[in-house]
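Participant:
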Amino acid sequence: MIERPSLDEVLDGLRVVRLPLRTRFRGITEREIAVVRGPRGWGEFAPFLEYGAQESARWLEATIEAAWVGWPEPVRTTVPVNATVPAIPSDDVAAVLARYDGCTTAKVKVAEPGQREADDIDRVAAAREAIGEHGRIRVDANGGWSLTQAHDMLTRLAPFGLEYAEQPCADVRDLARLRVELALGGVDVPVAADESIRKAEDPLEVARLRAADVVVVKVAPLGGVARALEVVADCGLPAVVSSAIDSSIGLRAGVALAAALPELEHACGLGTGALLGGDVTADPLLPAAGALPVREVEVDPALVAEHAAPDARLEWWRDRVSAAFAHL
Numbered sequence: 001m002i003e004r005p006s007l008d009e010v011l012d013g014l015r016v017v018r019l020p021l022r023t024r025f026r027g028i029t030e031r032e033i034a035v036v037r038g039p040r041g042w043g044e045f046a047p048f049l050e051y052g053a054q055e056s057a058r059w060l061e062a063t064i065e066a067a068w069v070g071w072p073e074p075v076r077t078t079v080p081v082n083a084t085v086p087a088i089p090s091d092d093v094a095a096v097l098a099r100y101d102g103c104t105t106a107k108v109k110v111a112e113p114g115q116r117e118a119d120d121i122d123r124v125a126a127a128r129e130a131i132g133e134h135g136r137i138r139v140d141a142n143g144g145w146s147l148t149q150a151h152d153m154l155t156r157l158a159p160f161g162l163e164y165a166e167q168p169c170a171d172v173r174d175l176a177r178l179r180v181e182l183a184l185g186g187v188d189v190p191v192a193a194d195e196s197i198r199k200a201e202d203p204l205e206v207a208r209l210r211a212a213d214v215v216v217v218k219v220a221p222l223g224g225v226a227r228a229l230e231v232v233a234d235c236g237l238p239a240v241v242s243s244a245i246d247s248s249i250g251l252r253a254g255v256a257l258a259a260a261l262p263e264l265e266h267a268c269g270l271g272t273g274a275l276l277g278g279d280v281t282a283d284p285l286l287p288a289a290g291a292l293p294v295r296e297v298e299v300d301p302a303l304v305a306e307h308a309a310p311d312a313r314l315e316w317w318r319d320r321v322s323a324a325f326a327h328l
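Structure follows, in structure tokens:
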């Protein structure tokens, strides 16, 4: 159990920034984030705006862990990361991948509302061409396909040599059925669970139902690095550490988790700093030679001020933190 600071202590160290994105991602062009300074450093509180107070409380637990408690000792000094390809036109894929220095794994977003199946196929084909035959391609549907659509699309995408498909269906039972159907059809595409871990009341259901080959874990939605390590151990499956659109403060927490895992078989989704057009540090956590270093992030007060959100948004976030704190 984390020894928590008081609400006043959390609010005293709270700042809110708006960071621009280089490319539209999940329907947004800027990311609004609250950052909190505590005795151990900075923590990030950035649940997406539609999340309620109870769900956001786990994100606040992770913020407090970073700023007041700290993380386990690392067992590695670098963390391999993948490139992330948003749901962009296929002609733009190569330019996005070029921002990720040395990354040999690409995660391609698919099942974007309003797009066609052909758009997904073209985007994956462009990623395969750009990354080469020896690179790894994984797709992420964010639960956007039905069971039938997932089976059909993964059968069509399998020839591109997919490392795995992340959350192809929203329902964990559909993931379990999909794994069986793909195996029976001779379609060699492993299944990874993301939302079925981080948004579930019982993240271990994935393992019990044999619904995934890989678990994708994010620090903030699980309540911190220590809790995420417990989930991975209890699931007993290979883990990929991922992020949302985080500042380098949030990415540092993901790096802490990946660095503390006993085994790390796959590149992690922690290279998303390359999607940002600004950050709170002059030395952001960006991929170099396909990896992120395990190091601290020095926050620049001038950049925090430069990207500061309007005062009204600061008050909105203070209210949101207060509401989440009541659920701790």
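The C-terminal position of the sequence shown is numbered 328 in my numbering, with every residue numbered one higher than the one before it.
By construction, the Cβ of each residue, glycine as well, lies at the ideal position given by its N, Cα and C atoms.
1) Note down the Cα distance separating residue 317 from residue 185, rounded to an integer number of angstroms.
2) Exposed or buried, residue 180, counting other C-beta atoms within 10 Å across all chains shown (16 or more means buried)?
3) Quick one: which unbroken alpha helix (DSSP H) runs of 4-plus residues sit fully inside the region 174-260? Chain order, please.
4) Thinking C-alpha only, which one of 89, 34, 244 is nearest residue 11?
5) Taking the straight line between their C-alpha atoms, what separation do you get for residue 136 and residue 315?
6) From residue 324 to residue 308, what distance separates their C-alpha atoms?
7) Count the other CB atoms within 10 Å of the CB of residue 64; is the residue buried (16 or more) or exposed (fewer)?
8) Could you pull out every residue in the same chain whose Cβ sits closer than 7 angstroms to the Cβ of residue 327, ignoring the five residues on either side in sequence?
9) Residue 241: which of 94, 157, 264, 223 sits nearest, CA to CA?
10) If the criterion is Cβ atoms closer than 8 angstroms, does the pair residue 19 and residue 28 meet it?
11) Under 8 angstroms between the Cβ atoms of residue 82 and residue 267?
12) In three-state DSSP terms, what is residue 3?
13) Would the region 209-218 count as touching the region 153-172 if we require 3 or more Cβ pairs under 8 angstroms?
14) Which residue comes first and which comes last in the beta strand (DSSP E) that contains residue 129?
15) So, is residue 105 buried or exposed, given that buried needs 16 or more other C-beta atoms within 10 angstroms?
16) Within the continuous beta strand (DSSP E) that includes residue 160, where are the two ends?
Facilitator: A quick look at the data gives this:
1) The alpha-carbon atoms of residue 317 and residue 185 are separated by roughly 49 angstroms.
2) exposed
3) 195-198, 205-208, 219-222, 225-235, 248-260
4) 34
5) Roughly 44 angstroms separates the two Cα atoms.
6) Put simply, the backbone Cα of residue 324 is about 22 angstroms away from that of residue 308.
7) buried
8) 53, 54, 57
9) 264
10) no
11) yes
12) coil
13) yes
14) Segment 117-131 is the alpha helix (DSSP H) holding residue 129; no beta strand (DSSP E) there.
15) buried
16) Segment: none, residue 160 is in no beta strand (DSSP E) and carries neither H nor E.
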